[in-house]
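Each step along the sequence shown adds one to the number in full-length UniProt numbering, with nothing skipped, and position 98 is 98.
Built from N, CA and C at the ideal position, the CB exists for glycine as well.
All values reported here derive from a predicted model rather than from experimental measurement.
First the structure, in the form of structure tokens, and then the observations on it.
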Amino acid sequence: MTEPNLSPACFTKYNEQTQSNIFSLLPPEIRYEIFVYALTSSPDTTQPPGQDGYCTRPGYETRHRTYTELLRTCKKVYMEAWFMPFICSEHAFWMASCDRTPERMITVEQMQQGLDLIYDRHGEVQGGRIRVFPQLWKLESTRDFDGIFTMHHFYPKSVTITIRYTDTWMWEYNEELHIEGAWGKWLVLPSSVTMFCIDIESIERRKNEVDYIAGEMADQWRFQRADGTNMLAAKADTSVSRWTGSSMLGGRRWVRDEVEPGQLQYYFATVMWRPSQELLDDRQRLNPPLRVNWSRPLPRDLGWSYINGSYLEEAEISMTVPAEQVVAECIANGYGYTFDSSDEEPDYDGFVNGSDYDFGEDSEESEDYEAA
């Protein structure tokens, strides 16, 4: 298959459009804002929204689409705004196992091609948003972040790391929420970044864990830009949000966590770091590990945490059937699958067979902080 030609058209002749109010009356700054509004990508409403899967969430219900009709109106508009769909979009990267990523996604190599073209034609152009979806096993073991933050001519204003419920350690077993912080010393944000955020997510019944971890992040974690500027957070800038998604994840219906038939209620906090003139020593920049260490209410015990979707389809049990009734029908039908007795293990999201293998207290990640 032939690689697409990313190079923009280069016109030798074009109309200056002096008769147009857009070019003759509006200052470039206002014209720029109009172009940004028109050329920013948005979810493609012509496509049916995804209902199941790890990647479906607010803003990512469908693939994004950029409406480029404006660029086809005239050569003058094209020459001034051809690169805006690229820098105005939110570019998402997944640091995750293949079953936790969308079928189509931009790679660092593809992104670099676009950045090089923009730089060659326009020089340094700041703007754009980056979002990274990492599983914790990948985030806590990385030192290069898959090359995302070392791209050339890369000047984003905003960077967000979104840690989904299913990205956390041993969520399948309801393990307490915890996250190492040593990876922060390897994260060097581009000097253009004015806002860095971390979303930490779980389900509604575990909101207290999310609030605790988010609060500790705001108090204790620090990050740094490439120009040496420190990024500090304030609890007052932390926001929380909720959303409802399907309980069918990875071909399994997680009845344990359902709040309504076929639905999970998610809760997440967003911690925000901004540039600060405050000076920090090395100890202050070594982010400590964070762990929930109190007794938590147990999830309801239905006998199974999840039911295989293939079985539910074969038994013609729909997603609208309440969890208790689903389990009752499974028992009546002789469905005998449990975590403890099955030869099949649940996905752990990480190293071995997709397992989120926990480093534990003796890991290098924990020792870095303790030895400082």
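- [ ] Report all residues from its chain with a CB closer than 7 Å to the CB of SER342; omit the five preceding and five following residues, and keep chain order.
- [x] The predicted model places SER342 with a pLDDT of 39, which falls under 50 and marks its position as unreliable; any figure quoted below should be read in that light. Once the five neighbours on either side are set aside, SER342 has no close Cβ partner at all.
TODO: Thinking VAL292 and GLU176 are a contact (beta carbons under 8 Å), I'd like their distance in whole angstroms, please.
DONE: 4 Å
Task: Simplified DSSP state of ASN15, which is helix, strand or coil - done: coil
TODO: Answer with buried or exposed for LEU115, where buried requires no fewer than 16 other C-beta atoms within 10 angstroms of its C-beta.
DONE: buried
Task: Nearest to TYR165 (by Cα), restricted to the options VAL327, LEU25, HIS178, VAL159 - done: HIS178
Open item on the list: Three Cβ pairs or more, each shorter than 8 Å: is that satisfied between the region 255-267 and the region 212-221?
Closed with: no
Task: Nearest to GLY128 (by Cα), restricted to the options THR40, THR229, ILE307, ARG100 - done: THR40
Open item on the list: Under 8 Å: do the region 196-212 and the region 303-321 share three or more Cβ pairs, one atom per stretch?
Closed with: no
TODO: Identify whether HIS153 lies in helix, strand or coil by the three-state DSSP scheme.
DONE: coil
Task: Delimiting residues of the beta strand (DSSP E) encompassing MET195 - done: 195-203
Open item on the list: Pop quiz: LEU232 and TRP273 are said to be a contact at Cβ under 8 Å. What is the actual Cβ separation, rounded to whole angstroms?
Closed with: 6 Å
Task: For GLU175, the three-state DSSP class (helix, strand or coil) - done: coil
TODO: Have a look at ALA81 and THR229 and give me their C-alpha separation to the nearest angstrom.
DONE: 31 Å
Open item on the list: Taking contact to mean 3 or more Cβ pairs, one atom from each stretch, closer than 8 Å, check whether the region 154-169 and the region 188-196 are in contact.
Closed with: yes
- [ ] Can you give me the Cβ contacts of THR101 inside the same chain, cut-off strictly under 6 Å, excluding the 5 residues immediately before and after it?
- [x] TRP94
Task: Three CB pairs or more closer than 8 Å across the region 252-266 and the region 143-153 - done: no
TODO: Express the C-alpha separation of SER20 and THR244 in angstroms, rounding to a whole number.
DONE: 47 Å
- [ ] Give me whichever residues DSSP pairs with ILE162 in a beta bridge.
- [x] Here residue 162 is Thr; the residue named in the question, Ile, does not match the sequence. The partner list for THR162 (beta bridge, DSSP) reads ASP199.
Task: Cβ-Cβ separation, ALA315 to ASN333 (assumed contact under 8 Å), whole Å - done: 6 Å
Task: 8 Å contact criterion, which GLY251 and GLY215 should meet: CB distance rounded - done: Not confirmed; about 35 Å, so no contact.
- [ ] Using 10 angstroms around the beta-carbon of TYR54, count the other beta-carbons present and answer buried if the total reaches 16, otherwise exposed.
- [x] buried
TODO: Keeping to the same chain, check which residues put their C-beta closer than 6 Å to that of SER318; ignore five residues upstream and five downstream.
DONE: none
Open item on the list: So if DSSP puts GLU90 in a beta bridge, which residue, or which two residues, is it bridged to?
Closed with: ARG129
Open item on the list: On a Cα-Cα basis, can you pick out the residue from PHE35, TRP186, TYR311, TYR119 that is closest to LEU70?
Closed with: PHE35
- [ ] Kindly provide the ranges of any alpha helix (DSSP H) runs that are 4 or more residues long and lie completely inside the region 207-264, ordered along the chain.
- [x] 207-220
Task: For LEU139, the nearest candidate out of ARG121, ASP167, VAL125, ILE130 (CA to CA) - done: ASP167
Task: C-alpha distance - ILE330 paired with GLU324, whole-angstrom precision - done: For clarity, residue 330 is Cys in the given sequence; the question names Ile instead. Spanning the two alpha carbons is a distance of roughly 10 Å.
Open item on the list: Rounded to whole angstroms, what is the Cα-Cα separation between THR62 and ARG283?
Closed with: 43 Å
- [ ] Spell out the partners DSSP gives ARG291 in its beta bridges.
- [x] HIS178
Open item on the list: Please report the straight-line C-alpha distance between GLU365 and PHE196, rounded to a whole angstrom.
Closed with: Note that GLU365 scores 44 on pLDDT, short of 50, meaning its location in the model is unreliable; the coordinates nonetheless yield the value given after this. Each residue's Cα considered, the two are about 22 Å apart.
Task: Supposed contact pair PHE23 and MET79 - C-beta distance, whole angstroms, cut 8 Å - done: Their Cβ separation, rounded to whole angstroms, is 11 Å, which puts MET79 and PHE23 out of contact at 8 Å.
TODO: Find the nearest neighbour of residue 404 within the set CYS98, PRO28, SER276, judged by alpha-carbon distance.
DONE: With the chain running from 1 to 372 in the structure shown, residue 404 is simply not present.
Task: Distance, TRP171 Cα to ILE213 Cα - done: 15 Å
TODO: Express the C-alpha separation of GLU109 and ALA182 in angstroms, rounding to a whole number.
DONE: 27 Å
Open item on the list: Could you pull the DSSP bridge partners for TYR267 from this structure?
Closed with: SER202, ARG242
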